[in-house]
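Quick notes on the structure that follows.
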Amino acid sequence: MQQVDGHTAQLKNEAEEPGWEVDPDDDWGVAVVATVGRQLRLRREAAGMRAAEFGARVGYGEDLVYKIEGGKRIPRPEYLDKADEVLGAGGLLSAMKEDVAKVRYPKTVREIAKLEAKAVELGVYVGLSLHGLLQTPEHARALFEAWQPAYSPDEAERRVAARMARKAIFERSPAPALSFVQEEATLRRPVGGTMVWRQQLEHLLGVGQLRNVTLQVMPTDSEAHPGLGGKIEVLKFPDGTAVGRSDGAYSGRPISDPKQLRILELRYGTIRAQALTPRESLTFIEQLLGET
4 MQQVDGHTAQ LKNEAEEPGW EVDPDDDWGV AVVATVGRQL RLRREAAGMR AAEFGARVGY
64 GEDLVYKIEG GKRIPRPEYL DKADEVLGAG GLLSAMKEDV AKVRYPKTVR EIAKLEAKAV
124 ELGVYVGLSL HGLLQTPEHA RALFEAWQPA YSPDEAERRV AARMARKAIF ERSPAPALSF
184 VQEEATLRRP VGGTMVWRQQ LEHLLGVGQL RNVTLQVMPT DSEAHPGLGG KIEVLKFPDG
244 TAVGRSDGAY SGRPISDPKQ LRILELRYGT IRAQALTPRE SLTFIEQLLG ET
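Sequential numbering of the sequence shown, starting at 4, is according to our numbering.
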């Protein structure tokens, strides 16, 4: 607790800020956070402000301020906004939010997010779990908490935040065309318990009604189809190029060769033809929600 302008304020400490640690194996991320931290420290010192005073002004404990300035913690976007205001940086500190936000992605997720951010079209079939772009935070958290070997609570939160940040694809303008085919079993599994499951189904109904989204369900009693070999994903970009990946083809590695892409597109098209129509799929989800 700290006295600020006659009021007692609760300053944020490390225990209240899980999931904002820097991955020591991410060289780019380490460099970005160190640079941002150094700029924060230099501007604070130039303003003649001690860390404790500055922390009180932005709502953070002194120890956490030192860790952010020392490149040991990733600053939240609101921390940078508040620091910009307190230090009179004229928007220069706030402008660092974009790069800092990317640091929260694990390296592998960062590459996926970069492709999704450029795509004008995305088509994906998933058989074992809901696609990350369709998950609620609670659903994603339950999946990460069940992972083995177990993630630490901080790492689990970091991965949840990264997954949710990717959902910015739904807010882009112009909106990309997004197509999802999910196996029925992925909708029936009560990940996170009944309430989380219901919220997830309600979220799917909302997403499925977006004008740029096509959501289809593959019934469990359907005959064999090309997706039984695993996940299929195809992303197309404004310049006409594309990238695809399938668990059951090309060793699961990303491919961009036109001939290989045509094969993945043929398989995905066959899957969509065998699945329930978008309208039938939303009706199915509504019925499933009524059963919970």
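Backbone N, C-alpha and C define an ideal beta-carbon position, used for all residues, glycine too.
(message) So, under 8 Å CB-CB, I274 and G247 are touching, yes? Tell me the CB distance rounded to an integer number of Å.
(response) About 13 Å; that fails the 8 Å criterion.
(message) Restricting to Cα atoms, I'd like to know which of G211, L204, T280 is closest to P193.
(response) L204
(request) Give the straight-line distance between the Cα atoms of I172 and L285, rounded to the nearest whole angstrom. (result) 21 Å
(message) Suppose contacts are defined by Cβ-Cβ distances below 7 Å. Is M221 in contact with E174 by that definition?
(response) no
(request) Quick one: which unbroken alpha helix (DSSP H) runs of 4-plus residues sit fully inside the stretch 144 to 218? Chain order, please. (result) 156 to 168, 187 to 191, 197 to 211
(message) Considering only the alpha carbon of each residue, which of T217, L43, A278 lies closest to S97?
(response) L43
(message) Bridge partners for L125 per DSSP, in chain order?
(response) L181, L238
(request) Enumerate in chain order the residues of its own chain whose CB-to-CB distance from K110 is below 7 Å, with the five nearest sequence positions on each side excluded. (result) D29
(request) Using the Cα positions of L125 and N215, report the straight-line distance between them to the nearest angstrom. (result) 11 Å
(message) Just to confirm the assignment: which complete beta strand (DSSP E) runs, minimum length 3, are found wholly within the stretch 216 to 293?
(response) 216 to 221, 235 to 239, 245 to 249
(request) Return the chain-ordered list of same chain residues with a C-beta closer than 6 Å to the C-beta of D249, the five sequence neighbours on each side being excluded. (result) Residue identity check: residue 249 is Ser in the sequence provided, not Asp. Excluding residues within five positions, the ones whose Cβ falls inside 6 Å are I235, L267.
(request) List the endpoints of the continuous alpha helix (DSSP H) containing V103. (result) 100 to 106
(request) Out of I77, A116, K121, W200, point me to the one whose CA is closest to T38's CA. (result) I77
(message) Restricting to Cα atoms, I'd like to know which of R201, V106, R113, R107 is closest to Q138.
(response) R201
(message) In the DSSP assignment, the alpha helix (DSSP H) including V36 goes from what residue to what residue?
(response) 30 to 49
(message) If you measure between the beta carbons of V36 and V106, is that distance less than 7 Å?
(response) yes
(message) Considering only the alpha carbon of each residue, which of T244, A149, K100 lies closest to R263?
(response) Residue identity check: residue 263 is Gln in the sequence provided, not Arg. Among T244, A149, K100, the Cα nearest to that of Q263 belongs to T244.
(request) Helix, strand or coil for R343, going by three-state DSSP, please let me know. (result) Only positions 4 to 295 of the chain appear in the structure, and residue 343 is not among them; the question remains open.
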